[in-house]
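Residue 135 is where the sequence shown starts when you use the working numbering, and the numbers rise one by one after that. These notes concern the structure reproduced below.
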Amino acid sequence: MNRRSNGWYMRDARGLAAVEFALVLPVLIVLLFGIFEVSRFLLITHKLDKATASMGDFTAQISAGVRSQMDVFASTLPQLMKPFEASGIPTVTFSGITSGQGAPAPCTGAAVPCVAWKYTVGNAPITRIGAPGGVALFPPGFVAYANQNYIAAELAYVYRPIFAYTGVLIPSLRMQSLYRIAIFKPRLNFDMRLY
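Put into structure tokens, the structure is as follows:
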């Protein structure tokens with residue numbers, strides 16, 4: 135037996151780099167797409183926070199709950215969410231919350247914060263803050279004071295990953311409904327009725 139031919143295949147390194155690259159390439163591709171999708175998700179949640187705050191702030195600056203003005207505010211959402219598709223924004227809900235003296239019906243004489251009105255632009259209404267005439271369900275940590283009025287803007291966005299398999303590989307990036315709420319005190323002497 136020839137000594138040179140014995141075990142030559144163990145010392146031959148030709149093609150080793152190609153094999154290593156073939157083993158590492160799928161991991162690198164998943165990592166690349168994961169980085170892209172995670173950063174896209176974070177940017178969408180940031181835009182959603184800003185859009186929700188803008189909706190609440192716009193509504194807090196008017197003197198009454200006027201449907202036509204809230205329709206105009208909601209129509210600005212595609213511009214606020216650019217460069218992301220606005221088709222993922224199905225719903226924005228505006229709510230007037232009041233308590234104490236002078237509260238309009240259905241909240242007249244309510245000792246706790248009450249949802250005086252709710253106006254939804256979009257698909258199904260968001261009801262996390264509560265139904266009109268019911269007790270307002272504020273987010274944890276929010277302190278509502280007696281005899282105060284509040285404006286709440288709720289926004290739901292349907293997040294869809296660009297790559298369908300992303301949700302399988304990273305479960306927190308699956309298709310989901312993102313929800314945000316912004317609560318403001320009205321800046322003017324706000325009439326808590328909906329017109």
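C-beta: ideal position from N, C-alpha, C; glycine also. Predicted model only: the values in this text are computed from it and were never measured.
Ile-260 sits in coil when the DSSP states are folded into three classes, being neither helix nor strand. Residue burial is scored here from C-beta neighbours: Glu-154 has fewer than 16 other C-beta atoms within 10 angstroms and is therefore classed as exposed.
Using a Cβ distance threshold of 7 Å, Ile-285 and Pro-247 do not count as a contacting pair.
Minimum Cα-Cα distance from Leu-322 among the listed residues Met-204, Thr-254 and Asn-283 corresponds to Asn-283.
If one requires a minimum length of 4 residues, the alpha helix (DSSP H) runs lying completely within the region 279–311 are 300–303, in chain order.
Per DSSP, the unbroken beta strand (DSSP E) holding Val-226 starts and ends at 225–232.
Tyr-299 is classed as exposed because its beta carbon has fewer than 16 other beta carbons within 10 Å across all chains shown. Burial state of Ala-280 is exposed, judged by a 10 Å Cβ sphere holding fewer than 16 other Cβ atoms. Minimum Cα-Cα distance from Pro-217 among the listed residues Thr-261, Ala-270, Phe-175 and Ile-304 corresponds to Phe-175. Looking at the DSSP output, Arg-314 shares a beta bridge with Leu-289. As a beta-bridge residue in DSSP terms, Cys-248 pairs with Thr-232 and Val-269. Taken atom to atom, the span from the alpha-carbon of Met-204 to that of Thr-193 is near 7 Å.
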